[in-house]
Amino acid sequence: MDHLDRLEAQSIFILREAYKKFGKLGMLWSIGKDSTVMMWLAKKAFFGHCPFQFIHVDTTYKIPEMIEYRDKIAKEYNIDLIVHKNEEALKEGMGPDHRRLVCCKALKTDGLQQVVTQYEFEGLILGIRRDEEGSRSKERVFSERNKDSEWDYTNQPPELWDQFKTDFPKGNHIRVHPILHWNEIDIWAYIGRENIPLVDLYFAKDGKRYRSLGCAPCTGMIDSNATTVAEIVEELKNTKVSERAGRAQDQEDAYAMQKLRKDGYM
Amino acid sequence: MENNREVLKIVVVGHVDHGKSTVIGRLLYDTKSVPEGKIERVKKTCKEKGKPFEYAYLLDAFEEEQKQGITIDTTQLQFFTEKREYVIIDAPGHKEFLKNMISGAANAEAALLIVDAKEGVQEQSKRHGYILSLLGIQKVYVLVNKMDLIDYSEEKFNAIKSEMNEFLNNLRVYPLKYIPISAFHGENMTEQSVMMPWYKGEPVLAAIDLIEKDKGVEDKPLRFPIQDVYKFDERRIIAGRIESGSLNVGDEILISPSNKVTKVKTIEYWQDRDKMEAVYAGMSVGITVEDEFFNKRGEFITHIEHAPYVSEVFRANLFWMGKNPLIKGKKYKLKLATQEVECEIITVNKVIDASTLETIENANQVKTNDVADVTIKTKEALCFDEFKNNQSTGRFVLVDGYDVSGGGIVSRMEKGIQTACTLVHKGLEMTVHCFDEYYFILSEGTVRKIPGKTGVFSVGDVLPVIGGTYSYSENLDIVNLESNRVAKIRKSVLQEIVSFNEYQYGSFDLIESKGSLIKVASEEDFKRFRSDFELWRERAGKTAEFANRWFDFMKNHEIKYREVANLYTLEFEI
Chain A
1 MDHLDRLEAQ
11 SIFILREAYK
21 KFGKLGMLWS
31 IGKDSTVMMW
41 LAKKAFFGHC
51 PFQFIHVDTT
61 YKIPEMIEYR
71 DKIAKEYNID
81 LIVHKNEEAL
91 KEGMGPDHRR
101 LVCCKALKTD
111 GLQQVVTQYE
121 FEGLILGIRR
131 DEEGSRSKER
141 VFSERNKDSE
151 WDYTNQPPEL
161 WDQFKTDFPK
171 GNHIRVHPIL
181 HWNEIDIWAY
191 IGRENIPLVD
201 LYFAKDGKRY
211 RSLGCAPCTG
221 MIDSNATTVA
231 EIVEELKNTK
241 VSERAGRAQD
251 QEDAYAMQKL
261 RKDGYM
Chain U
1 MENNREVLKI
11 VVVGHVDHGK
21 STVIGRLLYD
31 TKSVPEGKIE
41 RVKKTCKEKG
51 KPFEYAYLLD
61 AFEEEQKQGI
71 TIDTTQLQFF
81 TEKREYVIID
91 APGHKEFLKN
101 MISGAANAEA
111 ALLIVDAKEG
121 VQEQSKRHGY
131 ILSLLGIQKV
141 YVLVNKMDLI
151 DYSEEKFNAI
161 KSEMNEFLNN
171 LRVYPLKYIP
181 ISAFHGENMT
191 EQSVMMPWYK
201 GEPVLAAIDL
211 IEKDKGVEDK
221 PLRFPIQDVY
231 KFDERRIIAG
241 RIESGSLNVG
251 DEILISPSNK
261 VTKVKTIEYW
271 QDRDKMEAVY
281 AGMSVGITVE
291 DEFFNKRGEF
301 ITHIEHAPYV
311 SEVFRANLFW
321 MGKNPLIKGK
331 KYKLKLATQE
341 VECEIITVNK
351 VIDASTLETI
361 ENANQVKTND
371 VADVTIKTKE
381 ALCFDEFKNN
391 QSTGRFVLVD
401 GYDVSGGGIV
411 SRMEKGIQTA
421 CTLVHKGLEM
431 TVHCFDEYYF
441 ILSEGTVRKI
451 PGKTGVFSVG
461 DVLPVIGGTY
471 SYSENLDIVN
481 LESNRVAKIR
491 KSVLQEIVSF
501 NEYQYGSFDL
511 IESKGSLIKV
521 ASEEDFKRFR
531 SDFELWRERA
541 GKTAEFANRW
551 FDFMKNHEIK
561 YREVANLYTL
571 EFEI
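The listed protein sequences derive, respectively, from chains A and U. Taking my numbering, the leading residue of the first sequence gets 1, the next gets one more, and so forth. Taking my numbering, the leading residue of the second sequence gets 1, the next gets one more, and so forth.
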């Protein structure tokens, strides 16, 4: 087994635990590279099937190519997809001209919370990684949220020997993180090896590409000439800039992510 | 970085404030493993809060951690040297956060134990040392940090070294190296320190490259705990992770504890590139088997000649990190590999204070952060190994209410209190309960099953065909319909074990393995019984209906009265 095989095997183990343990399970699909790798891992874990629903929390501010790609892939891979918008907040005019953290909370965190309540999810699979940012580096693979989706990060359960937290009061849910142990280069190396379909936005055009995808108004491009997966891997090996540097919400406050995530952000 | 690169996971442990996060922060900084944005951001935060820059802030991401200057929760970070990649796990040193320390350490293959040169060996230095020994982490370096505070004195370093070594050796932890460092000043971190020319060994970075990874888990006996069984399409796939050993298409396999034997038909895959004829330790796989028995999560697939222990009682060392103490006799959920079963602590053999090594014999409870040697009894038979033989199937956690509250390793199976007889012939095993005794317990007003003679019987051994509450004839055939096997007993002696499919009726009494006489008196009867059984198994029909038609329990049994049950050997109510 090589390095990617080991990462893959661990992720598959986690996905199968989640499927076995939770009655109502959903996978959050942001259309980005990480959650698309997760979709691929689910196909492998369940031998070509995806035995749970996928969820896209649509802020309506996403880059248009993302939505186009989303619908194409969902059809091609036979994915049962819930697309949810926080209609109430949108009607009241919520958008990026409000403070960024307020907008993120309303359209993403609250939107997600509405899905959890409406569909009564017990388990939500998310494609976050430890190397992305500080509060994520402290996460558990199975991480409990209360009925308001809040994260009690100061009192996380012990997690040893792949015996995950599977006992919790009704109304709470578990965030499952199957690729927590991967890093950005692993993701790209795996995409290359498995030939996983990806939205074009990640590949350079006219000297620029997206390294991390989000809402159009709050996501910046980086200077790059990487037009293939191999070139992206090479570029990442030599960069000193962090992956989420182009994501405006992270820069709002020193503990922006911790604050957002405490309230239930991805 | 190639895909075949090696990754080593190292946990950094030690007493609070001895500099664990600083050691890691410094390593990351010196190996240029921190993204530019992060250092800038941490520097900016420090400036805003009016604090000097600390390497530890690179890890202690939570606001509370930075404000209080302590690590609350474990963090995992990656960096690489020319040799390989590392996952460094930072563990909190504060006693209050011991469960977070254990979460971090449980995932590690090697450890750096940090000791403050000025403060010396402290309570958590010892407790963490103990936890490392319990977790089976043998590759340990002790880093004596803050050498600048003792003027880089070799003498003081040696004193700490011998104190720590004495304690750790008692726990059978033998540190591979002691390295004097000053993480804050970068002494002996990535380069040889000029301040400590007396130290002739490697600096930390070069030293960790010398740690060898454990090998050989693929060469151990096969352990494949069933995680789930899928029927998404025409395939009935048994899914799980191979914990040790390897498995090939065509291998004959034993499924425990139900004790069934079959063969591997296929190894399943989604993409053609994943097609394989053999699978190895570490892989998450799916197989189909020749005989479609009812399989369930928790069962172990192994090779026949290397069966796991199957027992309800075992001895273990455990650490307790629950909110409430661990109480003898209380019911807990035990999780071992993919098994989940109710259990209780029947004996607390001794409780150990992990920092002083003081022991208390015969306690009734284990307090938070204590370590204990206990005897555990599970409600149903459990498959396991001793930890020293197989780590992943020799360790377990205990769940109290909603919370994982304890972790333990199996030190040995308790042989004296087996609750069944096992018959063995040519590698085939068959568990039978037909030699158990049934008593009406007057003090309780219920009938209970109490294991009679137990043990392992091979061909040629005399079996207890006449007991206190049962009596079989000296020639009989015992059928285990679940494992598809028949044991032939002639003149009370075990003659052979054959598969049910090959078995020919021989006009002897036919006993079902739990003790009921099967109502078969002729070859004709037997044919009807066999076809009815096949039909019942195919349709997974109602067991009771089938049993009422064919079984007669009272034919060879009588139920005698008893004042009380002997609690220790008590099995369950019927």
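Note that beta-carbon positions come from the ideal geometry of N, C-alpha and C, so glycine has one too. From a predicted model like this one, the values you see are computed outputs, not experimental measurements.
Mind checking residue i: buried by the 16 CB within 10 Å criterion, or exposed?
{"i": "K182(A)", "result": "Lys is not the amino acid found at residue 182(A); the sequence shown has Trp there. With 16 or more Cβ atoms within 10 Å of its Cβ, W182(A) is classed as buried."}
{"i": "P169(A)", "result": "exposed"}
{"i": "Y470(U)", "result": "buried"}
{"i": "M554(U)", "result": "exposed"}
{"i": "Q271(U)", "result": "exposed"}
{"i": "K488(U)", "result": "buried"}
{"i": "Q163(A)", "result": "buried"}
{"i": "F232(U)", "result": "exposed"}
{"i": "P64(A)", "result": "exposed"}
{"i": "R5(U)", "result": "exposed"}
Of all Cβ atoms in chain U, is any one closer than 8 Å to the Cβ of residue i?
{"i": "I12(A)", "result": "yes"}
{"i": "S224(A)", "result": "no"}
{"i": "R129(A)", "result": "no"}
{"i": "A9(A)", "result": "yes"}
{"i": "R209(A)", "result": "no"}
{"i": "R175(A)", "result": "no"}
Does residue i come within less than 8 Å of chain A when only Cβ atoms are used?
{"i": "E299(U)", "result": "no"}
{"i": "Y568(U)", "result": "Below a pLDDT of 50, predicted positions are generally treated as unreliable, and Y568(U), at 39, falls in that range; no measurement from the model is reported."}
{"i": "S575(U)", "result": "No answer is possible for residue 575(U): the residues shown for chain U start at 1 and end at 574."}
{"i": "A239(U)", "result": "yes"}
{"i": "F553(U)", "result": "no"}
{"i": "M164(U)", "result": "no"}
{"i": "M1(U)", "result": "For M1(U), the predicted model reports a pLDDT of 41, less than 50, meaning its position is unreliable; a value from the coordinates is still stated below. It does; some Cβ of chain A falls within 8 Å."}
{"i": "G286(U)", "result": "yes"}
{"i": "I417(U)", "result": "Low local confidence applies: a pLDDT of 48 at I417(U) is under 50, so the model's placement there is unreliable, and no value is given."}
Along chain A, which residues have their Cβ under 7 Å away from the Cβ of residue i?
{"i": "S411(U)", "result": "Chain A residues near S411(U): none, gap ~16 Å exceeds 7 Å."}
{"i": "G506(U)", "result": "Chain A residues near G506(U): none, gap ~44 Å exceeds 7 Å."}
{"i": "K118(U)", "result": "Those do not exist, as K118(U) stays about 29 Å from chain A at its closest Cβ, beyond 7 Å."}
{"i": "F232(U)", "result": "F46, F47, H49 and P51"}
Residues of chain U with a CB under 8 Å from the CB of residue i: which are they?
{"i": "K350(A)", "result": "Residue 350(A) lies beyond the stretch modelled for chain A, which goes from 1 to 266, so this question has no answer here."}
{"i": "R6(A)", "result": "V7 and G282"}
Measuring CA to CA, which of the options is closest to residue i?
{"i": "Y230(U)", "options": "N169(U), K519(U) and V285(U)", "result": "V285(U)"}
{"i": "G14(U)", "options": "Y472(U), T31(U) and H94(U)", "result": "H94(U)"}
{"i": "E344(U)", "options": "T378(U), E312(U) and I352(U)", "result": "T378(U)"}
{"i": "E340(U)", "options": "F384(U), I352(U) and K275(U)", "result": "F384(U)"}
{"i": "F13(A)", "options": "P178(A), M27(A), I67(A) and V229(A)", "result": "P178(A)"}
{"i": "G171(A)", "options": "Q113(A), G220(A) and N146(A)", "result": "N146(A)"}
{"i": "V465(U)", "options": "N475(U), C46(U), S193(U) and R273(U)", "result": "N475(U)"}
{"i": "F457(U)", "options": "V432(U), P221(U) and I518(U)", "result": "V432(U)"}
{"i": "Q10(A)", "options": "W161(A), K21(A), K62(A) and Y210(A)", "result": "W161(A)"}
{"i": "S143(A)", "options": "Y402(U), S507(U) and M430(U)", "result": "Y402(U)"}
{"i": "H557(U)", "options": "L149(U), E212(U), G25(U) and Y472(U)", "result": "Y472(U)"}
Given that residue i touches chain A, what residues does it touch there, using C-beta distances under 9 Å?
{"i": "Y561(U)", "result": "Here the premise fails: no neighbours, minimum Cβ distance about 42 Å."}
{"i": "I345(U)", "result": "Neighbours of I345(U) on chain A: none; closest Cβ ~18 Å, over 9 Å."}
{"i": "M276(U)", "result": "The contacting residues do not exist; M276(U) stays about 11 Å from chain A at best."}
{"i": "M321(U)", "result": "P158"}
Applying a beta-carbon distance threshold of less than 8 Å, which residues of chain A neighbour residue i?
{"i": "E268(U)", "result": "F47"}
{"i": "T280(U)", "result": "It should be noted that the sequence gives Tyr, not Thr, for residue 280(U). Simply M1."}
{"i": "G467(U)", "result": "None at all; the shortest Cβ gap to chain A is about 41 Å."}
Applying a beta-carbon distance threshold of less than 7 Å, which residues of chain U neighbour residue i?
{"i": "S137(A)", "result": "A61, T75, Q76 and L77"}
{"i": "K43(A)", "result": "W270"}
{"i": "S247(A)", "result": "With the sequence shown as reference, residue 247(A) is identified as Arg, and Ser is not the correct amino acid for it. What R247(A) touches in chain U: nothing, since even the nearest Cβ is about 11 Å away."}
I'd like to know whether the C-beta of residue i is nearer than 8 Å to at least one C-beta of chain B.
{"i": "N183(A)", "result": "Considering every chain present, this structure includes no chain B. Its protein chains are A and U."}
Name, going along the chain, the residues of the segment 141-173 of chain A whose beta-carbon falls closer than 8 Å to a beta-carbon of chain U. Y153, T154, Q156, P157, P158, E159, L160, W161, Q163, K165, D167, F168 and P169
Pull out every residue of the segment 84-112 of chain A whose Cβ sits closer than 9 Å to any Cβ of chain U, in chain order. none
Looking at chain A, which residues of the segment 102-116 of chain U have a Cβ within less than 8 Å of any of its Cβ atoms? I102, S103, A106 and N107
Of all the residues that make up the segment 49-76 of chain A, which are near chain U by a beta-carbon distance shorter than 9 Å? H49 and P51
Under 9 Å (Cβ pairs) to chain A, residues found in the segment 73-85 of chain U: D73, T74, T75, Q76, L77, Q78 and E85
Please name the residues in the segment 385-405 of chain U whose beta-carbon is closer than 9 Å to at least one beta-carbon of chain A, in chain order. Q391, S392, R395, F396, V397, V399, G401, Y402, D403, V404 and S405
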